[in-house]
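Below you'll find the structure, written out as C-alpha cells, and then a few comments.
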Amino acid sequence: MTQKWFASAAAASRDPGIFSESDLKVLHRLLSSGSFIENKSRQQGIYESIHRDLRVMFGNWEFDPMNITNPFPQNEGSVHLWQGYHDRLVPVQLQRFLSEKLPWIRYHEVPDGGHMFMFADGFTDRIVKMLLIGEETSAM
C-alpha cells in the first residue's frame with residue numbers, strides 16, 4: 826500500500842522533478858546561502874539517510890496510525906499537522922485522510938507549499954505564533 830503513496834525512487838535518486846516550484850525556490854535559497862541542509866541532513870552518509878527514509882516509508886511500523894487514541898481526551902490540547910498542497914513526496918490526500926479520521930488533529934494545509942514549505946522565509950515564525958497565541962495567517 827505505501828508504494829502507492831510515496832515517490833521514493835525519485836527522492837532516492839535526487840531527481841529534482843520530485844520537488845514543486847516552491848520547493849525548488851526554497852532549496853536554491855538554502856543551498857546558495859551555505860545552509861545546513863546538504864551537510865547535516867546526510868551527516869551519517871547519503872546511503873544511511875536514504876536507508877532510514879526507506880525503512881520508515883516501507884517498513885512495518887508495528888502499529889496502525891488509525892488506532893492512535895486522542896492524547897488530549899479532555900480537549901486540553903491538540904496535535905497540529907501542516908502539509909504543503911504541492912508536496913510531491915507526501916501526498917496531500919494522505920494527510921487529509923488522517924486528519925479526517927483522527928478529529929483531534931488540527932490540519933493546516935499550505936496552499937502554495939511543497940515538501941520544503943517549513944524552510945520558506947518566516948514560515949517557522951508563523952507556526953510558532955499559531956501554536957503560542959492561536960493566530961493563523963492566511964498562508965496556513
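In our numbering, the protein residues as written are 826 to 965. The beta-carbon is built from N, C-alpha and C at its ideal position, and this holds for glycine as well. Just so you know, these numbers come straight off a predicted model, no measurement behind them.
Put residue i into one of helix, strand or coil per three-state DSSP.
{"i": "glutamine 828", "result": "Caution is warranted here: a pLDDT of 47 is assigned to glutamine 828, below 50, making its placement in the model unreliable, and the coordinate value is therefore given only provisionally. Helix."}
{"i": "arginine 880", "result": "helix"}
{"i": "glutamine 918", "result": "helix"}
{"i": "glycine 902", "result": "coil"}
{"i": "glycine 968", "result": "Limits of the chain in this structure are 826 at one end and 965 at the other, which puts residue 968 out of reach."}
{"i": "proline 896", "result": "coil"}
{"i": "glycine 938", "result": "coil"}
{"i": "glutamate 887", "result": "coil"}
{"i": "glutamate 873", "result": "helix"}
Which residues bound the alpha helix (DSSP H) around residue i?
{"i": "glutamate 846", "result": "846–857"}
Report yes if the CB atom of residue i is closer than 8 Å to the CB atom of residue j, and no otherwise.
{"i": "isoleucine 843", "j": "arginine 931", "result": "no"}
{"i": "proline 890", "j": "leucine 923", "result": "yes"}
{"i": "methionine 943", "j": "leucine 852", "result": "no"}
{"i": "proline 898", "j": "valine 904", "result": "no"}
{"i": "isoleucine 952", "j": "leucine 927", "result": "no"}
Starting from the C-beta of residue i, find all residues in its chain whose C-beta is less than 7 Å away, skip the five residues before and the five after it, and write them out in chain order.
{"i": "proline 936", "result": "Tyr910"}
{"i": "tryptophan 850", "result": "Note on residue identity: the sequence assigns lysine, not tryptophan, to residue 850. So no residue of the chain qualifies."}
{"i": "glutamate 873", "result": "none"}
Excluding the 5 residues flanking residue i on each side, which residues of the same chain have their C-beta closer than 6 Å to its C-beta?
{"i": "glutamate 961", "result": "Met955"}
In the DSSP assignment, the beta strand (DSSP E) including residue i goes from what residue to what residue?
{"i": "valine 953", "result": "Looking at the DSSP string, valine 953 is not in any beta strand (DSSP E); the run it does join, the alpha helix (DSSP H), is 948–958."}
{"i": "arginine 931", "result": "930–935"}
{"i": "leucine 927", "result": "Looking at the DSSP string, leucine 927 is not in any beta strand (DSSP E), and its letter there is neither H nor E."}
Could you give the C-beta distance for residue i and residue j, rounded to a whole number, given that I count them as a contact under 8 Å?
{"i": "glutamine 908", "j": "glutamate 934", "result": "5 Å"}
{"i": "serine 858", "j": "glycine 938", "result": "Actually they are not in contact, since the Cβ atoms of serine 858 and glycine 938 sit about 19 Å apart, beyond 8 Å."}
Could you pull out every residue in the same chain whose Cβ sits closer than 8 Å to the Cβ of residue i, ignoring the five residues on either side in sequence?
{"i": "leucine 906", "result": "Gln920, Leu923, Ser924, Ile930, Arg931, Tyr932, His933"}
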